[in-house]
Amino acid sequence: MANDEFIGTWNLVSFETRNSDGAVTYSFGEDAEGVLVYDASRNFAGQVSRNDRPHFGSSDIRDGSIEEIRAAYAGYIAYFGKFEIDEAERYLIHRVQESLFPNWRGDSQKRYYELSDRRLVLQAPPTPFRGENVTGVLVWRRAT
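Here the sequence shown is numbered in this note's numbering, starting from 1233 and rising by one per residue.
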């Protein structure tokens, strides 16, 4: 497989989190939206959002209440940087330059992948989330 099969824009189809018992939840809702972009220079950018994030009471982007800011942050993830692909082991590494979650800045995020036709499935290794380790499984469809 040529690495250029990743290049392009991908739209989120689903984002599941699976706990150690295999139970599936949708931490960003069953109608989450997202976009993932890979380019030929090995840059990537990804964003996922809950569809039901409440609006702030103010139209000033820096004037949300603590509760509004918390809901906005908890319902959104974004990060960007460089990526590498290990075709033999079927994973890619997102080398994070910057992220909404500051702990990911400078970190490497491993994602196992399945790529076929217009569909990309990315699965993260178990990750801490709300007090337990969960596995995120994101299904993407190539944008037209």
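By construction, the Cβ of each residue, glycine as well, lies at the ideal position given by its N, Cα and C atoms.
Would you list the one or two residues that DSSP bridges to residue i?
i            : result
residue 1348 : 1351
residue 1268 : 1242, 1278
residue 1312 : 1277, 1330
So that I know if they touch, is there some Cβ in chain B lying closer than 9 Å to that of residue i?
i            : result
residue 1285 : You won't find chain B in this structure, because it holds only one protein chain.
DSSP three-state call for residue i: helix, strand or coil?
i            : result
residue 1298 : helix
residue 1306 : helix
residue 1334 : helix
residue 1248 : strand
residue 1237 : helix
residue 1374 : strand
residue 1317 : strand
Near residue i, which residues of its chain fall below 6 Å by C-beta distance, leaving aside the five closest residues on each side in sequence?
i            : result
residue 1268 : 1242, 1278, 1372
residue 1310 : 1279, 1332
residue 1320 : none
Is it true that the CB of residue j sits closer than 9 Å to the CB of residue i?
i            : j            : result
residue 1368 : residue 1247 : yes
residue 1266 : residue 1332 : no
residue 1374 : residue 1315 : no
residue 1385 : residue 1362 : As displayed, the chain neither begins before 1233 nor continues past 1376, which places residue 1385 out of reach and without an answer.
Between residue i and the rest of its own chain, which residues show a CB-CB distance below 8 Å, the 5 nearest in sequence each way excluded?
i            : result
residue 1336 : 1311, 1328
residue 1276 : 1268, 1269, 1270, 1312, 1313, 1314, 1315, 1326
residue 1272 : 1236, 1239
| query | Using 8 Å as the Cβ pair cut-off and three pairs as the minimum, do the region 1249 to 1267 and the region 1286 to 1304 touch? | reply | Judged by Cβ distances under 8 Å, the region 1249 to 1267 makes no contact with the region 1286 to 1304, as fewer than three pairs qualify.
| query | Can you find at least 3 beta carbon pairs, one from the region 1319 to 1326 and one from the region 1287 to 1296, that sit closer than 8 Å? | reply | Contact between the region 1319 to 1326 and the region 1287 to 1296 is absent, because fewer than three Cβ pairs lie under 8 Å.
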